[in-house]
Every structure is written in C-alpha cells, then in structure tokens.
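Chains as they are written, first to last, in this note's numbering: chain L, 51 to 337; chain Z, 337 to 517. Here's the structure we're looking at; comments come further down.
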C-alpha cells in the first residue's frame, strides 16, 4: 500500500520546487501590486468568519469568567468607590456643559463650523487577533458589505486604533498603530509641531509605549503630558484623531530634531469593540 | 474507488484539523496570553504531520497552512507559505526516527520548528527594517512563544496521533476486506 503510493504521484523534490516557485512568485506579485489574497479572501470569508464570530464570543466569555473571581467585600468596596466617582463626574459634566454652551456661542460668533469629531462611524467587533506574535493586526466582523474600504481609520476609547489594510465581504483586517510596521504623521496639539509616530514591538512589550521622531521643536515647548493627534498633512489618517500623551522627550544626536515615547490612549491589550470611520482621507479632502 | 475515497477522507480530516487549530489560535488563545504571547498551534500541526507522515505531507500541509495565515495577516502574501512549507519539509526528514509513543522527539522537533519560525520571521520582517536588537526579541517574543507552544503541543500532538491511528485502522480494515494487502 505504502510502496504503491510512494511510487505514484509527484516526488517531494519536485513538489517542493514547484511550490517554492509559486511562493516566490506570489511574494513578488504582492510586493509590486499590493495583492492580499484575491479570490482566497472570498473563500475564507465564507468558511472562517462565521465560526470565528461564534468562537470568539465563547473565548471572551471564558476569559471574563476566569477573571471574575473578586470577593463580595471587594465588590461592595469597588461599588462605593465607583459611586463616589459617578458623583464627581456628574459634577464635572455639568461644569463642562456650561463651558460647552459658552464655546458654542463663541464658535457661532467666529463662524467656525470645522468640527472634526462628527465623522460618520460604524461599530465593529474584534473577532480574531493577529496570526503571529510579531504583528499587531486583528480581524473585525464588518466588511465591504457594510461600506468598509481599505485605508479607513479605526478608533476606540476616543483614540486612534489603526487602519484597515484588507477587506473581505464581511470582514476586514486592521493594522494597529502599535504594530511595528505602522507609521503615522502626527501633530503635538499644544505647539502644532509635526512628528512621525511609529509603532514598536520592542517598546510596546516592555513599557506599553510607542515612539515618535522627527519632532522640530526649537523653543523646547513640548513637554511630557502633551496631547498628540493625527496631523492635517497625513495622506491616510484623518486629522484631529487622538493618539496619546507624550511620556518622554529627548534631543536626537543631530541636535535638530527630537524623539521620544508616547503612551497611547487606547488599551490595546483589552480591545473588543471598535468604531470604523466611514470616510477615507481622500474623500475628506474632496469635501 | 476505495483509494479515491480514502484520499478524500484523509484530506477532509487534515483540513478539519487545520481549521480547528486556526480558530483556536486566533480566537480562543488570543484571550489567554501568557507573557503577552499566544502559542503557535499551527506550527505544531505542520510539524506533527511532517514527522508523522513524511516530507510530502509536510510540504503540502505547510503550504496550505501558510497560505491561510497569509490571507489573514495582510502582510506580504506568500511569505508564511514559504516558511511553513520548509518547516514541514525539515520535519518530514525525521520520519524514520519517529515512534508514536515516545514524546521526546516530537517535543524537540516542535520546539525547534517554532524556534526556526521565530528566528526566520525576525530575520525576514524585522532585521530587514534595521531592528537589530536580536537578544531582546529572542528573550521576550521567541522563547516565551516556544515554551507556551510546547505546553499546548502536548495536547495537539496526542490528538493528531490518535486521529491518525484511527484513520490508519479504518483504512487497513477496508483494504483487508477487499484482500489486496
């Protein structure tokens, strides 16, 4: 039986050669055209995504119930603390509402209708995380059927999460800004200086921060705690999306630019739901 | 006719194993990270089939698994297929040394496979972008992944071993009845 099988079919030498050549051709093809799967995406869409949706739900429920081991006293104590917090927050909300009203009136006076934060969004659930430990990508359960396109921005917790890199019928792959290959053009909101924010696996695993570089700050005005947002000159990211706070700054060796680290506002380790902004930078420019 | 049926059954079973393990890796184990790594179950599958069934199986299963990862990773298409295919091939070379009930060789092979996978990924995707701090990546990403993968691979290995024995038994029964064995 075994002998007959070994005799028939293609010897493994040739098989290896043929498949290697196919792989290398695919590599070159995807490098030159940005091909990410084509018809295979549609197949995987129908086979994997429905199961992933269900299984991820089970996985997250198990993860929650295993973390759910607080005692009653702890819960009561936490509840009291939270109640106190709610009162504080309520007080500050009413305070802010007053200020907001004032701001509205002033804006009307200035006729400023340029509000960045009313982008149209759609909610999506993360159904699968990265396929390896080296990259920070994840799959969400909305795709081209729901109007999602490549290069749309993804936000959560009021901060930028990442960008859509490939889209299937009912799923999309998102690359997070903390991914090692990600680069975002950003602005320090206090001084309006531009810089480049790049994700880093190394600093993310050790300190939970991402890096920024090429910051031109001659007057030493940028300080720790400053807010970093996406910039107007970025060609893929919409302007005014929050990235995080500066956690350290230092002068580069060339003594012209500065670099340092940023603490992102989004908790990338416990992300389960995100919002996708249904507008790409290209269409935004056209408005 | 029976040959054809057996082939089909084997392909379906292997496809099911890959399918389940892929879902496990991306949707379940991503919630149970230890030291911020997830185990690489698909390397276990490719490696186990490699040394259990030989080079040809290793190559084909590695290629298919890699292609699957390529579809969902959004990186350069075809890269994982290449890496996993060669992992399958390397494991296939140890088929003659393999005896089912001894756990040492499978563990060594799966561990080495995952180590190779980690180092190659580092070289192709990180060193090329001038991230030269290899020792950092080795200690914080590659080695934790190897340890966690080995832990999980004990279960995966036994599952595949029993599945394989069961299929072999079924096929032997079938061929006995016809009388061509």
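C-beta: ideal position from N, C-alpha, C; glycine also.
Three-state class that DSSP yields for residue i in the structure shown
{"i": "residue 262(L)", "result": "strand"}
{"i": "residue 316(L)", "result": "coil"}
{"i": "residue 296(L)", "result": "strand"}
{"i": "residue 371(Z)", "result": "coil"}
{"i": "residue 132(L)", "result": "helix"}
{"i": "residue 233(L)", "result": "strand"}
{"i": "residue 475(Z)", "result": "helix"}
{"i": "residue 432(Z)", "result": "helix"}
{"i": "residue 191(L)", "result": "coil"}
{"i": "residue 324(L)", "result": "strand"}
{"i": "residue 122(L)", "result": "helix"}
{"i": "residue 203(L)", "result": "strand"}
{"i": "residue 219(L)", "result": "coil"}
{"i": "residue 406(Z)", "result": "helix"}
{"i": "residue 238(L)", "result": "strand"}
{"i": "residue 92(L)", "result": "helix"}
{"i": "residue 226(L)", "result": "strand"}
{"i": "residue 286(L)", "result": "coil"}
{"i": "residue 417(Z)", "result": "helix"}
{"i": "residue 244(L)", "result": "strand"}
{"i": "residue 338(L)", "result": "Limits of chain L in this structure are 51 at one end and 337 at the other, which puts residue 338(L) out of reach."}
{"i": "residue 497(Z)", "result": "helix"}
{"i": "residue 173(L)", "result": "strand"}
{"i": "residue 65(L)", "result": "helix"}
{"i": "residue 272(L)", "result": "coil"}
{"i": "residue 208(L)", "result": "coil"}
{"i": "residue 180(L)", "result": "coil"}
{"i": "residue 306(L)", "result": "coil"}
Interface partners of residue i on chain Z, CB under 7 Å
{"i": "residue 175(L)", "result": "Within chain Z, no residue comes near residue 175(L); the closest Cβ sits about 12 Å away, beyond 7 Å."}
{"i": "residue 106(L)", "result": "363"}
{"i": "residue 66(L)", "result": "395 and 425"}
{"i": "residue 80(L)", "result": "412, 413 and 414"}
Residues that residue i contacts on chain L, provided the C-beta gap is smaller than 8 Å
{"i": "residue 477(Z)", "result": "183, 184, 251 and 255"}
{"i": "residue 418(Z)", "result": "70, 73, 74 and 77"}
Integer-rounded CB distance, given that residue j should sit under 8 Å from residue i
{"i": "residue 199(L)", "j": "residue 330(L)", "result": "6 Å"}
{"i": "residue 424(Z)", "j": "residue 395(Z)", "result": "5 Å"}
{"i": "residue 172(L)", "j": "residue 325(L)", "result": "7 Å"}
{"i": "residue 317(L)", "j": "residue 207(L)", "result": "7 Å"}
{"i": "residue 499(Z)", "j": "residue 349(Z)", "result": "7 Å"}
{"i": "residue 219(L)", "j": "residue 194(L)", "result": "6 Å"}
{"i": "residue 283(L)", "j": "residue 249(L)", "result": "Going by Cβ atoms, the distance from residue 283(L) to residue 249(L) rounds to 19 Å, so no, they are not a contact pair."}
Contact set for residue i: own chain, Cβ-Cβ below 7 Å, skip 5 residues either direction
{"i": "residue 484(Z)", "result": "370, 373 and 375"}
{"i": "residue 285(L)", "result": "331"}
{"i": "residue 447(Z)", "result": "482 and 486"}
{"i": "residue 128(L)", "result": "none"}
{"i": "residue 259(L)", "result": "253, 297, 311, 312 and 313"}
{"i": "residue 264(L)", "result": "245, 246 and 307"}
Rounded straight-line distance, which links the Cα of residue j to that of residue i
{"i": "residue 340(Z)", "j": "residue 471(Z)", "result": "50 Å"}
{"i": "residue 223(L)", "j": "residue 508(Z)", "result": "45 Å"}
{"i": "residue 414(Z)", "j": "residue 279(L)", "result": "35 Å"}
{"i": "residue 479(Z)", "j": "residue 393(Z)", "result": "27 Å"}
{"i": "residue 419(Z)", "j": "residue 381(Z)", "result": "14 Å"}
{"i": "residue 344(Z)", "j": "residue 112(L)", "result": "35 Å"}
{"i": "residue 176(L)", "j": "residue 362(Z)", "result": "11 Å"}
{"i": "residue 440(Z)", "j": "residue 132(L)", "result": "53 Å"}
{"i": "residue 180(L)", "j": "residue 387(Z)", "result": "27 Å"}
{"i": "residue 212(L)", "j": "residue 64(L)", "result": "42 Å"}
{"i": "residue 130(L)", "j": "residue 140(L)", "result": "15 Å"}
{"i": "residue 399(Z)", "j": "residue 191(L)", "result": "26 Å"}
{"i": "residue 247(L)", "j": "residue 407(Z)", "result": "27 Å"}
{"i": "residue 251(L)", "j": "residue 184(L)", "result": "7 Å"}
{"i": "residue 429(Z)", "j": "residue 289(L)", "result": "55 Å"}
{"i": "residue 433(Z)", "j": "residue 85(L)", "result": "41 Å"}
{"i": "residue 352(Z)", "j": "residue 501(Z)", "result": "16 Å"}
{"i": "residue 155(L)", "j": "residue 147(L)", "result": "12 Å"}
{"i": "residue 427(Z)", "j": "residue 445(Z)", "result": "7 Å"}
{"i": "residue 104(L)", "j": "residue 209(L)", "result": "27 Å"}
7 Å Cβ cut-off: residues of chain L touching residue i
{"i": "residue 472(Z)", "result": "252"}
Closer than 8 Å at the beta carbon, the chain Z residues around residue i
{"i": "residue 85(L)", "result": "413"}
{"i": "residue 102(L)", "result": "359, 362 and 363"}
{"i": "residue 110(L)", "result": "367"}
Any non-hydrogen atom of the ligand SAM closer than 6 Å to residue i Cβ
{"i": "residue 261(L)", "result": "With respect to small molecules bound, the structure shown includes none, and the ligand SAM cannot be examined in it."}
Cross-chain neighbours of residue i in chain Z, by beta carbon under 9 Å
{"i": "residue 202(L)", "result": "In chain order: nothing, as chain Z lies at least about 14 Å away."}
{"i": "residue 230(L)", "result": "461, 462, 465 and 467"}
Under 9 Å from the C-beta of residue i: neighbouring residues of chain L
{"i": "residue 504(Z)", "result": "Near residue 504(Z) there are no residues of chain L at all, since even the closest Cβ is about 10 Å away, more than 9 Å."}
{"i": "residue 374(Z)", "result": "179, 180, 182 and 183"}
Cut-off 6 Å between Cβ atoms - residues of its own chain near residue i, not counting five sequence neighbours on either side
{"i": "residue 493(Z)", "result": "384 and 442"}
{"i": "residue 237(L)", "result": "244, 279 and 281"}
Beta-carbon proximity list for residue i, same chain, < 8 Å, skipping 5 on both sides
{"i": "residue 144(L)", "result": "none"}
{"i": "residue 438(Z)", "result": "none"}
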